[in-house]
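What follows is a single structure, written as structure tokens, with notes after it.
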Amino acid sequence: MQVVKAVTCPVCGSLCDDIELTVENGQIVKVKNGCAMCEAKFLGHRGEHRILKPLIRKNGELVETTLEEAVKRAAEILAGANYPVLYGWSSTSCEATSVGIELAEEVGGVIDNTAVVCHGPSLLSVQDVGISSCTLGQIRHRADLIIYWGCDPWSAHPRHIERYTAFSEGRFEKSAWRNYVAKIKALVGRKKIQSTVKRLVLKKPPEIKARLEPTFIPSIMKEGRKLIVIDVRRTKTAEMADFFVQVEPNKDYELLQAFRALIRDQELEVDSVAGVPVQYLEEVADAMVNCDFGALFFGLGLTMSGAKLRNIDAALSLVRDLNMRTKFIIMPMRGHFNVTGANTVFTWQTGYPYAVDFSLGYPRYNPGETSVVDVLLRGESDAALIVASDPVSNFPRKAAEHLVKNPLIYIGPHMDVTAQVADVVIPSALVGVEASGTAYRMDHVPIPLKKVVDPPKGVLPDEEILTRILAEVRKIKSEKAEAA
Amino acid sequence: MGEKPKLKVTLLTGRTIEQGVGKELGKATKEYAESVSICYMDPEDMKKLGVKDGTNIQVSTAFGSVVVKAKKSLRAPHPSVIYIPYGPWANAIVNPETHGIGMPSFKGVPATVEPAPDKPVLGLEELLKQQFRKG
Ligand code: SF4
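Protein sequences appear in the order of chains A and B.
My numbering puts the first residue of the first sequence at -15, with every later residue one more than the last.
My numbering puts the first residue of the second sequence at 95, with every later residue one more than the last.
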């Protein structure tokens, strides 16, 4: 039995690096400090859904083959394609992504990472407006106001609040955890009394609370760290918040602009914006202006709905405005553990963070044209290589349809939806569990990933597989050139 | 029987912790399918539609239609807003248009919901067969 300390969790963009694993006979048997997703990943590393052998589609069926054969077939498909897409990259190491970009350049394809369907719009806005940022460590120690807008860390980044924001114990700011526990106790007590009263006196089903009533009595002017949540649903995170603002779907843009007006001390000549009474908004605006160090985290609730990138423009501008009055930063909540790394490596090598087209021999970038969903919707690509991602499951059906129509190569550890419909499947080692590498946390801090156990026999890391495919593609191309 | 009740709603998709755990366990697992072939609804909306927790419902948008299980939302009230966790079921009906920026509309899609107690919720394999005729 061996205990490995300070392991980085390769699941979400929080990249918690304090995980402790117990390894027995080459298997991880115990996970300490991790959240539910982290446990599922580490304990499930030898799950029944791992792919152990390369597969190739013959007569409509996926059949086992050798690694050499699979690599060769993959290289033939890519070398023979006119306009292949190479997609994924957010759940693998920076090193693998780097080889992937070389491969894209070699075959003249479009390379894109999953940011395109999560924070792509945020990247576009950052290019336009700029961003005021810092590390998560600074937030942990100094931020006295935390806002989560259009994101639900309790569900998607379970330890974010505890490690970096409201419930973390910083040097200058204390954890608000105790307050929260007290509040929950009070709420449970109040609910009990309410239901007893209702049962005994009213004998009718309790009425649904008015839509905008905050979960708790607003204690926004309290001492210490404050947590504000703005969302279309009262998420689990919203329940923890000191103040919750429920915005109507697709109306975030209006709300952001309203805040911008309020923090400039302008009066709003309406009663409510996006379904929220102005009185609530003033309360939040006051808290924003009066904090010493504010942090606004935003999620896909802003990038995927309504005005999309314009929402982010407004959010970035709001934070820029706030910096005239106090210190404020803004940060996107990145989902996959290395999506930030993918953006970074793409930018180093091509100049652009995602949606890069090499078909003319040099990198071109024009999201909406060279982004993978658009290429697929227009039906232009004629082959695809997917690495560590599951687009057939994650893309809108119409985009996935085109992906499936053409030769499809899948490199990844699990029998995902994409693997089930692929033509060549190459199993890979889990980065951060069975292979080492580098990943970037959501605040752009690079963190090493450890190799804790050996991968299944014969299974290689993504980087190695891609290097072999690249070599094979180069061989095919030079043979062709010689023959010509 | 009178006319079937139908409800106009806004469809949201997103993560849930069950979906997060399911995807780490493996997409072919029962846990995963069960965590994403459901639709969280406001209890008041469920009453209007006459569906119970676990009744099959059909959700349709301009882009497709899919049968999922209705679930009482713990995050209510959110009248006229339904929530399906990310996955092949949700993606069968979201708006693929990217409006020139590469990002499809996964959230805030207009939809209608109707009870479909006689229609089955497809398993992952059947859903894929129906959609892609491969695999
Ligand atoms: S919060 Fe994210 S990085 Fe941290 S343990 Fe959970 S899944 Fe892993």
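Just so you know, even glycine gets a beta-carbon here, dropped at the ideal spot from N, CA and C.
Under the three-state DSSP convention, the category residue 437 of chain A falls into = coil
How about the segment 105 to 114 of chain A and the segment 70 to 87 of chain A: do they share at least three Cβ pairs that are nearer than 8 angstroms?
-> no
How many Å lie between residue 277 of chain A and residue 264 of chain A at the Cα?
-> 21 angstroms
Look at the alpha carbon of residue 175 of chain B and the alpha carbon of residue 188 of chain B, and state the distance between them as a whole number of angstroms.
-> 14 angstroms
Comparing the C-beta of residue 162 of chain B with each C-beta of chain A, is any distance below 8 angstroms?
-> no
Looking at the unbroken alpha helix (DSSP H) that takes in residue 179 of chain B, where does it start and where does it end?
-> Per DSSP, residue 179 of chain B belongs to no alpha helix (DSSP H); it is in the beta strand (DSSP E), 175 to 179.
Residue 340 of chain A to residue 421 of chain A, Cα distance in whole Å?
-> 23 angstroms
Report yes if the C-beta of residue -4 of chain A is less than 7 angstroms from at least one heavy atom of the ligand SF4; otherwise report no.
-> yes
Find out if the Cβ-Cβ distance for the pair residue 68 of chain A, residue 367 of chain A is shorter than 8 angstroms.
-> yes
In three-state DSSP terms, what is residue 235 of chain A?
-> coil
Taking only runs that begin and end inside the segment 100 to 126 of chain A, name each unbroken alpha helix (DSSP H) of 4 or more residues, in chain order.
-> 104 to 113, 120 to 126
In angstroms, rounded to a whole number, what distance separates the CA positions of residue 210 of chain A and residue 249 of chain A?
-> 22 angstroms
With 16 as the cutoff for other CB atoms within 10 Å, does residue 178 of chain A come out buried or exposed?
-> exposed
Would you mind telling me which residues of chain B sit closer than 7 angstroms to residue 358 of chain A, beta carbon to beta carbon, in chain order?
-> 192, 196
May I ask you to list, following chain order, the residues of the segment 370 to 401 of chain A that have a beta carbon less than 8 angstroms from some beta carbon of chain B?
-> 374, 376, 377, 378, 379, 380, 381, 382, 383, 384, 385, 388, 398, 399, 400, 401
What is the residue span of the alpha helix (DSSP H) that residue 327 of chain A lies within?
-> 323 to 334
Just tell me which of B:216, B:208, B:144 has its CA closest to the CA of residue 130 of chain B.
-> B:216
Same chain, Cβ closer than 8 angstroms to residue 445 of chain A, neighbours up to 5 away in sequence not counted = 77, 80, 412, 413, 415, 418, 419, 421, 439
Pick helix, strand or coil for residue 191 of chain B, following the three-state DSSP scheme.
-> coil
Residues of chain B with CB under 8 angstroms from residue 20 of chain A, in chain order?
-> 111, 114, 115
Does DSSP put residue 208 of chain A in a helix, a strand or coil?
-> coil
Using only the heavy atoms of the ligand NAD, determine whether one of them is closer than 7 angstroms to the beta carbon of residue 224 of chain A.
-> Although the ligand NAD was asked about, the structure shown includes only the ligand SF4 as ligands.
May I ask which residues mark the beginning and end of the beta strand (DSSP E) holding residue 350 of chain A?
-> Residue 350 of chain A -> no beta strand (DSSP E), and no H or E assigned at all.
From the DSSP output, read off the bridge partner residues of residue 241 of chain A.
-> Residue 241 of chain A pairs with nothing; no bridge assigned.
Residues near residue 6 of chain A in its chain [Cβ-Cβ closer than 6 angstroms; skip 5 each side] = -13, 13, 14
Check the Cβ-Cβ distances between residue 430 of chain A and every residue of chain B, and say whether any is below 8 angstroms.
-> no
Would DSSP call residue 194 of chain A helix, strand or coil?
-> Unreliable placement is indicated for residue 194 of chain A, whose pLDDT of 43 sits below 50; the coordinate value is still reported in the next sentence. DSSP places residue 194 of chain A in coil when its eight states are reduced to three.
Sorted by chain position, which residues of the same chain lie with C-beta nearer than 7 angstroms to residue 429 of chain A's C-beta, five sequence neighbours on each side aside?
-> 119
Does the ligand SF4 have a heavy atom nearer than 7 angstroms to the CB of residue 18 of chain A?
-> yes
Just mark residue 191 of chain A as buried or exposed, buried being the case when its beta carbon has 16 or more other beta carbons within 10 Å.
-> With a pLDDT of only 47 at residue 191 of chain A, under 50, the local geometry of the prediction cannot be trusted, and the value read off the model is given with reservation. It is exposed - the Cβ of residue 191 of chain A has fewer than 16 other Cβ atoms within 10 Å.
Taking DSSP as the reference, what is the three-state secondary structure of residue 158 of chain A?
-> coil
Contact check, residue 150 of chain B vs residue 161 of chain B, beta carbons under 8 angstroms = yes
Going along the chain, which unbroken runs of the beta strand (DSSP E) with 3 or more residues stay wholly within the segment 47 to 102 of chain A?
-> 69 to 72, 94 to 97
Those residues which DSSP pairs with residue 45 of chain A across a bridge | A:42
Over what stretch of residues does the beta strand (DSSP E) that includes residue 154 of chain B continue unbroken?
-> 150 to 155
Can you list the residues of chain A that residue 122 of chain B reaches, using a CB-CB cut of under 7 angstroms?
-> 33, 399
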